[in-house]
Amino acid sequence: MPSVLFWIFAAVMLVFGVLVVVNRNPVASALSLVVCFLGLSALFMSLNAYFIGIIQVLVYAGAVMVLFLFIIMLLDLRAEECRKMNWVAFAGSALVAFCLLIQLLTVIGRTRIAHEHFPALAAPVDDVRNIGQLLFSSYNLPLQVIAVLVLVATIGVIILSKRQLR
Amino acid sequence: MMTLGSYLVVSAVLFTIGFAGVLLRRNIIIIFMSLELMLNAANLSLVAFSRFRVSPAGLPEYHAEMLVFFVITVAAAEVAVGLAIIVALYRARRTTHIDDINQLKF
């Protein structure tokens, strides 16, 4: 992938990621999150992870975000009114986040392999076939555990939404 | 050609955006979206490492991509349960603002 495309998609992803956090209207935040995930899936595809990129679009930009929008509209949330801000807490959290970013960037800058280029792949990679073979051989037990987990989540959601919390 | 570091930097910035969202925002749904951003930043760095570590057969390291697959699955289940809890909370308390939900606060 040419580096121009990488920077375009990375910039789109980061700008819409910031918009998720700064938007006052939850619906606008959710829609920005969709664009952010689409940019992220483009980055996955630039790393030759086509299957993960498609899953990202289908599961996150499709299912999860529809769920988010559904809940926001169900709760009928409007844009928040401006409340009295706790400026000490605000400045403290911004400082902590900034320190985390500096720390991460320093670690990445000092890592030797971070300055190396990606090695070339042998041939066009048959992504889905390889992942599917791994999924049903070495990762068979985790796959079944995750199936049980999804079932438990479904039952839990039904119970949570049927009973009134007191 | 891109270096591994550029993907890691983008992933670090995305993680920080999500982290700042969790700390700065007071709306519980926005906090939940910021959590998703952080999960996806971790996924991006995992996929970058998987592409960086090419096996002798010329294939990327698929174990990292399997981990991303499982993270996405668990995150989808987590979103469903979390949003159900938020709906139950809204029914009981009529708010999604976390400053109004402070019964456990000492």
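Just so you know, the sequences run in chain order S and C. Counting in the numbering used here, the first sequence tops out at residue 166, every number present. Counting in the numbering used here, the second sequence tops out at residue 1106, every number present. All C-beta atoms in this analysis are idealised placements derived from N, C-alpha and C, irrespective of residue type, glycine included. No experiment lies behind these values; they were computed from the predicted model shown.
Residue j beta carbon less than 8 Å from that of residue i
| i | j | result |
| --- | --- | --- |
| C/F1070 | S/I146 | yes |
| C/L1046 | C/L1067 | yes |
| S/L100 | C/T1003 | no |
| S/L105 | C/V1009 | yes |
| C/R1051 | S/F118 | yes |
| C/G1058 | S/A122 | yes |
| S/I55 | C/Y1062 | no |
| S/L33 | C/V1013 | no |
| C/G1005 | S/I158 | no |
| C/R1093 | C/D1099 | no |
Contact list for residue i against chain C, beta-carbon separation under 9 Å
| i | result |
| --- | --- |
| S/A94 | A1020, L1023, L1024 |
| S/I8 | The premise fails here: S/I8 is roughly 12 Å from chain C at the closest Cβ pair, so nothing lies under 9 Å. |
| S/P142 | M1066, F1070 |
| S/L121 | R1051, V1054, G1058, L1059, P1060 |
| S/I155 | The contacting residues do not exist; S/I155 stays about 10 Å from chain C at best. |
Reduced DSSP category for residue i - H, G, I as helix; E, B as strand; rest coil
| i | result |
| --- | --- |
| C/P1056 | coil |
| C/N1040 | helix |
| C/T1003 | strand |
Chain-ordered chain C contacts of residue i [CB-CB under 8 Å]
| i | result |
| --- | --- |
| S/S137 | The premise fails here: S/S137 is roughly 11 Å from chain C at the closest Cβ pair, so nothing lies under 8 Å. |
| S/N171 | It is not possible to answer for residue 171 of chain S, since the shown part of chain S is limited to 1 through 166. |
| S/A63 | A1076 |
| S/I146 | F1070, T1073, V1074 |
| S/I113 | L1004, F1052 |
| S/V35 | What S/V35 touches in chain C: nothing, since even the nearest Cβ is about 12 Å away. |
Presumed contact (8 Å Cβ cut-off) between residue i and residue j, rounded CB distance
| i | j | result |
| --- | --- | --- |
| S/V21 | C/G1021 | 4 Å |
| S/L75 | C/T1096 | 7 Å |
| C/I1072 | S/V59 | 6 Å |
| C/M961 | S/S29 | The structure shown has nothing for residue 961 of chain C, since chain C only spans 1001 to 1106. |
| C/S1076 | S/V64 | Correcting the residue identity first, residue 1076 of chain C is Ala in this sequence and not Ser. Going by Cβ atoms, the distance from C/A1076 to S/V64 rounds to 6 Å, so yes, they are a contact pair. |
| C/L1024 | S/G17 | That belief does not hold up - the Cβ atoms of C/L1024 and S/G17 are roughly 14 Å apart, past 8 Å. |
| S/P26 | C/I1030 | 7 Å |
| S/V125 | C/P1060 | 7 Å |
| C/Y1007 | C/A1048 | 4 Å |
| S/A97 | C/F1019 | 5 Å |
Interface residues of chain D facing residue i [CB-CB closer than 7 Å]
| i | result |
| --- | --- |
| C/V1068 | This model lacks chain D altogether, as its protein chains are S and C. |
Neighbouring residues, chain S, relative to residue i (Cβ below 9 Å)
| i | result |
| --- | --- |
| C/A1042 | Under the 9 Å cutoff, chain S gives no residues; its nearest Cβ is about 11 Å from C/A1042. |
| C/I1029 | P26, S29, A30, F68, I71, I72, L75, L77 |
| C/I1098 | Within 9 Å Cβ-Cβ: nothing; C/I1098 doesn't reach chain S, min ~12 Å. |
7 Å Cβ cut-off: residues of chain S touching residue i
| i | result |
| --- | --- |
| C/I1085 | L160 |
Neighbouring residues, chain S, relative to residue i (Cβ below 8 Å)
| i | result |
| --- | --- |
| C/M1001 | S3, H117, F118 |
| C/I1101 | Going along chain S, no residue has its Cβ under 8 Å from C/I1101, so there is no contact; the nearest lies around 12 Å. |
7 Å Cβ cut-off: residues of chain C touching residue i
| i | result |
| --- | --- |
| S/L167 | There is simply no residue 167 of chain S to check, as chain S begins at 1 and stops at 166 in what is shown. |
Legend entry - 4 or more residues per run - each alpha helix (DSSP H) lying fully within the stretch 70-115 of chain S: 87-110
Legend entry - Minimum length 3: unbroken beta strand (DSSP E) runs contained in the stretch 120-162 of chain S: none
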